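Asker: Quick one: the structure is below, and I'll ask about it shortly.
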Amino acid sequence: MVEMPALLSAQADRHWARFEQRAADIRAGLGEPRRAQLRALFACSDFAADSLCQQPELALELDDARDLHNGDRAGRYRPDLAGQLAQVHDEPGLLRTLRRFRRRELLLIAWREMLLGAEVEESFVHISALADTLIVEAYRWLYQRQCVELGTPSDAEGNAVPMLILGMGKLGGGELNFSSDIDLIFTFPHNGVTRGGRKELANQQFFIRLGQKLVNALNQTTIDGQVYRVDMRLRPFGESGPLAVSFAAMEDYYQHHGRTWERYAMVKARILNDEGEYTAELRAMLKPFVFRRYIDFGVIDSLRQMKAMIAAEVRRKGLKDNIKLGAGGIREVEFIAQVFQLIRGGREPALQVRHLPQALAAAREAGALTADEAGQLHQSYRLLRKVENFLQAFADQQTQTLPQDELNRTRLAWLMGHPDWEDFYRALHGAMARVHRQFEQLIGDSTEAEEEGAAQIWFDLWQTDWEEEELVRLLQEQGMEQDKAGRLARALNTFKEECPRRAMGPQGRQALEKLMPVLLDKVSQSELPGILFARLQKLLLQIATRTAYLQLLVENAGALTQLIRLCEASSLVAEQLARYPILLDELLVPQLLYNPIPLDAYRGELRQFLLRVPEEDVEQQMEALRQFKQIQLLRIAAADIAGALPLMKVSDHLTWLAEAIVEEVVNQAWAQMSARHGEPESLADSPRKGFGVVAYGKLGGIELAYSSDLDLVFVQEAGLKGQTNGDKPLDCRQFYLRLAQRIIHLFSTRTPSGVLYEVDMRLRPSGASGLMVSPLDAYRSYLHHEAWTWEHQALVRSRMIVGDPELFEAFNRIRREVLGKVRDRSELAREVVQMREKMRAHLIKADPGEFHLKQSVGGLADIEFLTQYLVLAYGHEHPRALTRWSDNIRILESAVEVGLLAEEEAGQLKTAYCAIRDRGHRLSLSDQPGRVPDSELVRERDWVVASWNKWLKHAGTGD
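Sequential numbering of the sequence shown, starting at 1, is according to UniProt numbering.
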């Protein structure tokens with residue numbers, strides 16, 4: 001190792017002075033060689049210095065022990081920790097023992113790798129074995145005590161049932177980093193009940209409670225620090241799934257719901273605690289899901305898409321010099337190895353390994369990689385992982401980004417054996433370039449961008465400053481009409497004037513110079529080139545200082561084509577892209593862009609999207625939710641524009657997307673509240689939350705539009721009393737109030753990607769002055785005894801979208817009761833008509849000769865009020881049919897089924913409703929108000945007026 005740089009010597013002096021101040025007597029007991037090593041360690045690691053200043057006796061303990069020179073120390077972890085835990089009799093003692101054991105052993109590992117020449121492979125073995133030991137011994141300690149408290153979980157024959165812990169990712173592969181978080185999945189062999197306790201408890205509830213305690217024991221930050229950040233989101237159904245599942249439930253999940261990314265994750269899955277025959281059973285169960293018996297070439301496309309998503313994330317977060325996610329980084333080596341494992345692993349058992357170097361060797365033996373390719377990948381991977389380990393050992397922080405500060409750059413270069421940062425960076429960059437070349441050859445984009453030229457005229461138009469008259473003449477010479485040429489010329493000159501005001505770097509200017517001639521060539525082929533360029537101009541100005549996005553459009557001709565197509569069709573989409581340029585990444589894969597995910601897949605896709613964000617980082621979670629929404633809105637709009645989705649399907653997609661997001665927001669708010677205050681005591685042993693969300697309006701009626709807000713009402717299970725069971729308990733009523741406030745906060749906080757949804761709570765009982773969360777019995781009483789007729793009308797378009805099964809059932813029963821009440825039809829008709837006239841007078845915004853699609857006579861609101869009248873007036877006669885649905889179309893169809901409407905009349909109303917909605921929808925895509933000339937939709941309006949007059953004309957002043 002080269003001589004220690006002066007900057008590191010100065011850092012060592014600062015830490016040594018702290019150590020002497022806190023532990024002068026201990027320092028005196030250290031020999032000079034050990035003092036020199038400690039100073040060198042302090043120079044390299046703030047974690048080591050802080051740990052020894054906090055616990056100085058470790059310096060003598062490590063000096064006396066042989067462990068520092070023992071490369072096989074991992075074999076002593078289990079007996080040593082088990083012996084210490086045998087003396088622990090309470091959970092605070094457990095937390096303290098785990099954290100101090102981890103600190104001591106990590107100090108040894110850092111010391112050996114940084115100063116004694118231990119290989120990075122040795123560090124991986126020790127760090128992973130240490131994690132195994134801490135997790136499994138904590139589990140065993142907690143399991144034994146919980147069995148005493150609650151009884152032992154048992155199968156049908158009375159045999160004790162254990163919980164098996166799956167380590168995922170680097171933990172599963174035995175390649176854990178110095179400061180990695182850990183991904184775990186909890187499972188158990190059999191359903192059943194506990195035996196020997198005061199009362200029976202379902203095995204699943206026992207293991208959920210045990211899992212919560214284990215996660216807390218590892219994850220909680222105390223005065224002694226943290227053992228591991230624990231991520232449980234890889235479990236079946238993610239955050240919305242139970243914390244522990246049976247083997248049978250897990251098998252069913254992977255058989256029916258498992259995705260390619262979950263296969264990818266399962267390649268490295270490892271059972272941490274050996275439970276004999278159960279371990280073998282679980283391995284055998286998971287193997288067919290991960291390794292298919294047939295050659296599975298579809299994996300390449302799936303991994304290509306995953307890589308594109310990661311690259312997009314790197315751009316979104318502005319990550320630079322990321323040795324994990326960047327081009328040629330650790331993730332690309334992992335992808336290369338796992339492509340071969342997932343494609344061929346079912347037929348070639350040698351590929352069924354978790355350890356990445358073993359997978360590369362197996363790929364070489366199978367002929368999938370040459371010896372030179374495998375050797376280069378292994379060397380580069382080893383280098384990258386060593387760098388990653390050192391980065392994290394500096395301060396015990398999870399990072400894969402090269403440092404920007406001089407101190408840590410100097411540390412890294414010195415530890416890696418380089419004289420300076422520049423020399424180290426060149427070597428690292430060379431290794432990453434070699435990895436990226438192999439990655440591109442194997443799973444690079446199969447639709448590489450082709451060089452697309454543009455005629456010289458478009459270079460001239462862009463690069464030369466023209467007067468507007470000259471520019472118009474040149475455009476006319478290209479065949480453009482005068483008025484269109486004039487509009488484009490004005491827009492182009494405005495853009496040219498704005499560009500110099502943007503702080504663009506040399507690369508950005510170069511990218512813009514390449515992009516603009518090609519873009520102008522494409523724009524000139526539009527029917528409305530001036531309008532199209534004006535829309536594009538907003539986006540271009542937004543990304544002018546963000547070189548990565550300009551280069552994306554330069555290097556991907558297909559993405560540029562999609563951008564122009566979408567902006568030409570919709571000003572709404574153009575505005576969305578200008579507001580959120582991160583969406584440009586979605587243009588890279590047209591087959592995804594124009595094919596929204598299946599309706600029932602939104603929850604799963606959202607869960608996968610959020611896995612990339614640390615669970616404890618609330619701000620990043622909020623931003624990720626908004627990014628997911630914007631991405632899906634763009635895909636839905638693209639399919640809509642392309643004619644792949646009819647209007648009703650567009651609303652379905654927007655509605656299901658919103659429901660998935662609402663459910664995730666509730667889950668996040670619940671997790672944040674329960675982490676601080678615990679859960680209501682009466683629900684502690686149950687997966688229930690006792691909380692539900694009722695959707696009204698367009699969300700309730702499954703008619704959501706692109707810019708709709710959400711009309712929501714929060715309800716809670718009746719009869720919940722007492723307090724929460726956390727460190728800072730709350731009265732249950734206060735807990736649910738704060739939960740509701742937290743949900744609103746998660747929706748309404750403005751992040752770089754805007755607000756999630758505007759939420760309107762005014763339809764709750766007593767409106768703005770009412771409780772934020774209504775107990776279900778109070779909600780029922782209000783609807784029966786205090787609600788106005790218009791509130792019953794609103795209830796027609798309501799449905800519960802989030803809640804426990806018991807709450808769903810109770811809400812549906814209340815809704816059926818209220819809508820099915822016997823009413824005086826004349827009085828009801830009078831009130832409905834009066835409300836409709838009041839609304840029209842207040843809300844209509846149409847000039848003479850215009851038809852307001854919603855509020856004018858014969859518009860959407862008339863159809864909605866008419867269907868609501870039919871439900872309220874005849875619901876008691878046909879409760880099952882008329883109160884079942886919340887959307888207008890199916891209510892009208894139900895009215896036909898029970899003989900209330902003739903098929904012809906219902907057909908006319910449905911046709912009118914769809915035609916008027918579709919016209920409004922097309923206007924909204926162009927960001928136009930919902931008004932059309934009075935000459936449009938005449939037949940449809942006549943149908944609506946005829947039905948209105950038939951049912952309601954004589955009830956009020958009439959229409």
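From the three backbone atoms N, C-alpha and C, an ideal C-beta is built for every residue, glycine too.
Note that the structure is a prediction, hence the values are computed from the model and not measured.
DSSP three-state call for arginine 502: helix, strand or coil?
Answerer: Taking the first residue of the sequence shown as position 1, residue 502 is located at position 502. Arginine 502 falls in the coil class under three-state DSSP.
Asker: In the DSSP assignment, what residue or residues form a beta bridge with leucine 710?
Answerer: For the purposes of this step, residue 710 is identified with residue 710 of the sequence shown, where counting begins at 1. Leucine 710 is bridged to Val759.
Asker: On the three-state DSSP scale, how would you describe valine 194?
Answerer: Walking along the sequence shown from the start, residue 194 turns up at place 194. As written in the sequence, residue 194 is threonine, which differs from the valine given in the question. If DSSP states are grouped into helix, strand and coil, threonine 194 belongs with the strands.
Asker: Smallest Cα separation from glutamate 568: which of Ile531, Tyr580, Ala740?
Answerer: Numbered from its first residue, the sequence shown carries residue 568 at position 568. Checked all of Ile531, Tyr580, Ala740; the closest Cα to glutamate 568 is Ile531.
Asker: Which residues mark the beginning and the end of the alpha helix (DSSP H) in which residue 963 is found?
Answerer: Since the first residue shown for the chain is 1 and the last is 959, residue 963 is missing from the structure and cannot be characterised.
Asker: Would you say glutamine 144 and tyrosine 264 are within 8 Å of each other, going by their C-beta atoms?
Answerer: Within the sequence shown, residue 144 is the residue found at index 144, counting from 1. Within the sequence shown, residue 264 is the residue found at index 264, counting from 1. No; because the gap between Cβ atoms is not below 8 Å, this pair is not in contact.
Asker: How is alanine 156 classed by DSSP in three states: helix, strand or coil?
Answerer: On the sequence shown, residue 156 is found 156 positions in, with the first residue counted as 1. Alanine 156 falls in the coil class under three-state DSSP.
Asker: State the start and end residues of the unbroken alpha helix (DSSP H) segment that holds valine 898.
Answerer: Sequence index remark: in the sequence shown, residue 898 carries index 898 (1-based). That residue, valine 898, is in no alpha helix (DSSP H); it is neither H nor E in DSSP.
Asker: Out of curiosity, what's the CA-to-CA distance linking threonine 547 and glutamate 332?
Answerer: Taking the sequence shown and counting its residues from 1, the one referred to as residue 547 is at position 547. Taking the sequence shown and counting its residues from 1, the one referred to as residue 332 is at position 332. Taking the straight line joining both Cα atoms gives about 23 Å.
Asker: With DSSP run on the structure shown, which of helix, strand or coil describes isoleucine 844?
Answerer: Taking the first residue of the sequence shown as 1, we reach residue 844 at position 844. Isoleucine 844 falls in the coil class under three-state DSSP.
Asker: Could you tell me which residues DSSP pairs with glutamine 723 in its beta bridges?
Answerer: Position 723 of the sequence shown, counted from the start, is the residue given in the question as residue 723. Its beta-bridge partners are Asp731.
Asker: Quick one, are the C-beta atoms of asparagine 493 and leucine 471 less than 8 Å apart?
Answerer: The sequence position of residue 493 within the sequence shown is 493, counting from 1. The sequence position of residue 471 within the sequence shown is 471, counting from 1. Taking 8 Å as the Cβ cut-off, asparagine 493 and leucine 471 qualify as a contacting pair.
Asker: I'd like to know whether the C-beta atoms of leucine 98 and alanine 138 end up nearer to each other than 8 Å.
Answerer: The sequence position of residue 98 within the sequence shown is 98, counting from 1. The sequence position of residue 138 within the sequence shown is 138, counting from 1. In contact: leucine 98 and alanine 138 (Cβ atoms closer than 8 Å).
Asker: Let me confirm a value: proline 646 is counted as buried when at least 16 other C-beta atoms fall within 10 Å, else exposed. Which label applies?
Answerer: For this step, residue 646 is matched to residue 646 along the sequence shown. By the neighbour-count rule (16 or more Cβ atoms within 10 Å), proline 646 is not buried but exposed.
Asker: Tell me which same chain residues have a C-beta within less than 6 Å of the C-beta of aspartate 688, skipping the five on either side of it?
Answerer: Residue numbering aside, residue 688 sits at position 688 when the sequence shown is read from its first letter. First, the residue type needs correcting, since residue 688 is arginine and not aspartate in the sequence shown. Correct list, in chain order: Asp804.
Asker: Measure from the alpha carbon of glutamate 157 to the alpha carbon of each residue in Thr194, Gly167, Pro236, Val125, then state which is nearest.
Answerer: Here residue 157 is taken as the residue at index 157 of the sequence shown, counted from 1. Of the listed residues, the one whose Cα sits closest to glutamate 157 is Thr194.
Asker: When we look at the beta-carbon of tryptophan 948 and count the other beta-carbons within 10 Å, is it buried (16 or more) or exposed?
Answerer: Position 948 of the sequence shown, counted from the start, is the residue given in the question as residue 948. Per the 10 Å Cβ criterion, buried.
Asker: Output the boundary residues of the beta strand (DSSP E) element that contains alanine 695.
Answerer: Here residue 695 corresponds to residue number 695 of the sequence shown, with the count starting at 1. Its beta strand (DSSP E) spans residues 691-696.
Asker: In the DSSP assignment, what residue or residues form a beta bridge with leucine 106?
Answerer: Residue 106 sits at position 106 when you count from the first residue of the sequence shown. None; leucine 106 has no bridge partner.
Asker: What I want to know is whether the C-beta of leucine 610 ends up closer than 7 Å to one or more non-hydrogen atoms of the ligand ADP.
Answerer: You won't find the ligand ADP in this model; it holds no ligand whatsoever.
Asker: So what's glutamate 481 in DSSP terms, helix, strand or just coil?
Answerer: Numbered from its first residue, the sequence shown carries residue 481 at position 481. If DSSP states are grouped into helix, strand and coil, glutamate 481 belongs with coil.
Asker: Give, in chain order, every unbroken run of the alpha helix (DSSP H) that is at least 4 residues long and sits entirely within the segment 386-455.
Answerer: Listed in chain order, the complete alpha helix (DSSP H) runs (minimum 4 residues) inside the segment 386-455 are 406-415, 421-443.
Asker: Quick one: what's got a C-beta closer than 7 Å to alanine 534's C-beta in the same chain, skipping five residues either side?
Answerer: Sequence index remark: in the sequence shown, residue 534 carries index 534 (1-based). If we look at alanine 534 and ignore the five residues flanking it on each side, its Cβ neighbours are Ala491.
Asker: Is it true that the segment 401-408 meets the segment 374-384, where meeting means three or more beta-carbon pairs spaced less than 8 Å apart?
Answerer: With the cut-off at 8 Å, the segment 401-408 and the segment 374-384 do not touch.
Asker: Give every residue of the same chain whose Cβ lies closer than 7 Å to the Cβ of residue 964, excluding the five residues on either side of it in the sequence, and list them in chain order.
Answerer: With the chain covering only 1 through 959, there is no way to say anything about residue 964.
Asker: If distances are taken between C-alpha atoms only, which option among Phe186, Gln741, Arg607 comes closest to leucine 282?
Answerer: Sequence index remark: in the sequence shown, residue 282 carries index 282 (1-based). With distances taken between Cα atoms, leucine 282 lies closest to Phe186.
Asker: So if DSSP puts histidine 852 in a beta bridge, which residue, or which two residues, is it bridged to?
Answerer: As a working mapping, residue 852 is identified with position 852 in the sequence shown. Looking at the DSSP assignment, histidine 852 forms a beta bridge with Arg931.
Asker: I need the boundaries of the beta strand (DSSP E) containing valine 773, first residue and last residue.
Answerer: Working through the sequence shown from its first residue, we reach residue 773 at position 773. It spans 773-775 - the beta strand (DSSP E) in which valine 773 sits, taken as one unbroken run.
Asker: Since threonine 751 sits in a beta bridge, which residues does DSSP pair it with?
Answerer: Start at 1 with the first residue of the sequence shown, and residue 751 comes out as number 751. Bridge partners of threonine 751: Gly754.
Asker: Could you check what DSSP says for phenylalanine 206 in three-state terms: helix, strand or coil?
Answerer: As a working note, residue 206 is residue 206 in the sequence shown. Reduced to three states, the DSSP call for phenylalanine 206 is helix.
Asker: Looking only at C-alpha atoms, which of Arg579, Ala359, Val387, Phe390 sits nearest to glycine 375?
Answerer: For the purposes of this step, residue 375 is taken as the residue at position 375 of the sequence shown. For glycine 375, the nearest C-alpha among the options comes from Ala359.
Asker: What does the alpha-carbon distance come out to for the pair serine 446 and glutamate 717?
Answerer: Locating residue 446 in the sequence shown gives position 446, where the first residue counts as 1. Locating residue 717 in the sequence shown gives position 717, where the first residue counts as 1. Because serine 446 carries a pLDDT of 43, less than 50, the predicted location of this residue cannot be relied on, and the following value inherits that uncertainty. Computed Cα separation, rounded: 53 Å.
Asker: Tell me which same chain residues have a C-beta within less than 8 Å of the C-beta of aspartate 887, skipping the five on either side of it?
Answerer: Numbered from its first residue, the sequence shown carries residue 887 at position 887. Around aspartate 887: Gly701, Ile702, Glu703, Arg797.
Asker: From the DSSP output, in three-state form, read off glutamate 3 for me.
Answerer: Your numbering for residue 3 matches position 3 in the sequence shown. Glutamate 3: coil per DSSP, three-state reduction.
Asker: Since serine 246 is in the beta strand (DSSP E), which residue starts that stretch and which ends it?
Answerer: Here residue 246 is taken as the residue at index 246 of the sequence shown, counted from 1. Note, serine 246: beta strand (DSSP E), 244-246.
Asker: Reducing DSSP to helix, strand and coil, say where serine 947 ends up.
Answerer: Here residue 947 is taken as the residue at index 947 of the sequence shown, counted from 1. The answer is helix: DSSP assigns serine 947 an H, G or I state.
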